[in-house]
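Some notes on the structure that comes next.
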Amino acid sequence: MSKRKDVIDPWAPGEKDTGLVYSEVLGWIDLGHARGSDITDCLGQMERGEASGQPYYLVEYRQTMSLESFSTGRCSRWNIKRGRTLGERHSITLALMMETAIAFENWQTMPFFSWYTDSGFSAEDLVSDLLGFYKAVRPQNYWPWLKIVSKEAALRRWDYYGALGSFKNRGFNPLLFPDPADTRIPHIPYKGRLPNFMMSIRPFTQFDSDIVRRIDAGAQVTVGWDVKKK
Numbered sequence: 001m002s003k004r005k006d007v008i009d010p011w012a013p014g015e016k017d018t019g020l021v022y023s024e025v026l027g028w029i030d031l032g033h034a035r036g037s038d039i040t041d042c043l044g045q046m047e048r049g050e051a052s053g054q055p056y057y058l059v060e061y062r063q064t065m066s067l068e069s070f071s072t073g074r075c076s077r078w079n080i081k082r083g084r085t086l087g088e089r090h091s092i093t094l095a096l097m098m099e100t101a102i103a104f105e106n107w108q109t110m111p112f113f114s115w116y117t118d119s120g121f122s123a124e125d126l127v128s129d130l131l132g133f134y135k136a137v138r139p140q141n142y143w144p145w146l147k148i149v150s151k152e153a154a155l156r157r158w159d160y161y162g163a164l165g166s167f168k169n170r171g172f173n174p175l176l177f178p179d180p181a182d183t184r185i186p187h188i189p190y191k192g193r194l195p196n197f198m199m200s201i202r203p204f205t206q207f208d209s210d211i212v213r214r215i216d217a218g219a220q221v222t223v224g225w226d227v228k229k230k
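full-length UniProt numbering numbers the first residue of the sequence shown as 1 and each following residue consecutively.
Below you can see the structure in the form of structure tokens.
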């Protein structure tokens with residue numbers, strides 16, 4: 001659940017892997033969602049599976065959240081036919097992430113969680129997940145491309161539009177919030193377009209083939225105590 005205090009100075013020194021920043025290209029970005037460590041883990045499972053010599057290997061991907069003293073979330077487990085190229089592995093991982101992320105955001109909107117958090121399909125969540133995917137598979141400094149604004153300009157948007165949980169985004173395209181200081185434009189959130197680099201990999205769709213065998217797709221999982229959301 002994002003809060004005003006989570007907005008950080010994007011130009012402050014030090015590594016940034018938590019907090020909120022605003023991008024004129026992607027809208028709000030949750031740096032925790034955008035870390036990409038979940039994707040790195042998934043690709044590592046695939047690399048080990050390809051080296052296993054087995055005809056199929058298991059890949060598990062999950063997203064979880066902590067509520068009080070327990071953690072819960074959604075998990076997908078797929079059997080992958082060995083012999084996938086790196087490009088195929090990227091495509092499969094993207095589909096796996098997208099499927100699980102949608103299931104996880106739906107999970108957060110359930111009545112037994114919505115009393116506690118408004119995070120389900122919050123404006124920044126899915127687009128931040130997608131950015132994390134590209135940071136993992138094609139690591140480089142994306143910030144200059146994303147037009148990150150100052151903390152002052154980000155807070156101006158927060159104070160004008162309100163908390164992000166009030167704005168739902170059920171897709172991976174960005175939801176943009178025009179700068180309230182710009183009097184030339186309407187101050188109404190609108191759907192933007194992903195930059196080309198975030199559309200360069202297509203999610204896997206050949207589920208009628210023997211390449212991927214779904215075991216669990218977005219299944220409920222409880223992962224232990226006090227585990228932070230990936």
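Note that the Cβ used here is the ideal one computed from N, Cα and C, for glycine as well. Values in this document were obtained by computation on a predicted structure and should not be read as measured data.
- Proximity to N173 across M199, K151 and D179 peaks at M199, based on C-alpha coordinates.
- C-alpha of K151 to C-alpha of P180: approximately 14 Å in a straight line.
- Across the structure, G36 and L131 are spaced so that their CA atoms are roughly 8 Å apart.
- The straight-line gap separating the alpha-carbon atoms of A103 and F204 is approximately 17 Å.
- Of L94, R82 and C75, the smallest CA-CA separation from N106 is found for C75.
- A distance below 7 Å between beta-carbons, with the five flanking residues on each side excluded, links L58 to the following residues of its chain, in chain order: R77 and N79.
- The shortest C-alpha to C-alpha distance from R193 to any of Q63, A154 and L146 is the one to L146.
- For F121 against R170, the beta-carbon gap comes to about 5 Å, under 8 Å, which counts as contact.
- Sixteen is the threshold: since fewer than 16 other Cβ atoms of the shown chains lie within 10 Å of the Cβ of F197, the residue is exposed.
- In this structure, F167 places its C-beta atom within 7 Å of the C-beta atom of A123.
- Counting along the chain, G27 sits inside the beta strand (DSSP E) bounded by residues G27 to D30.
- Sequence-distant Cβ neighbours of S23 in its own chain, meaning closer than 7 Å and more than five residues away, are I29, L146, K147 and I148.
- The three-state reading of DSSP puts E60 in strand, counting E and B together.
- As the crow flies, the alpha-carbon of Q45 is around 23 Å from that of L126.
- For S52, there is no enclosing alpha helix (DSSP H), as DSSP gives it neither H nor E.
- According to DSSP, residue pairing for S122 in a beta bridge involves K168.
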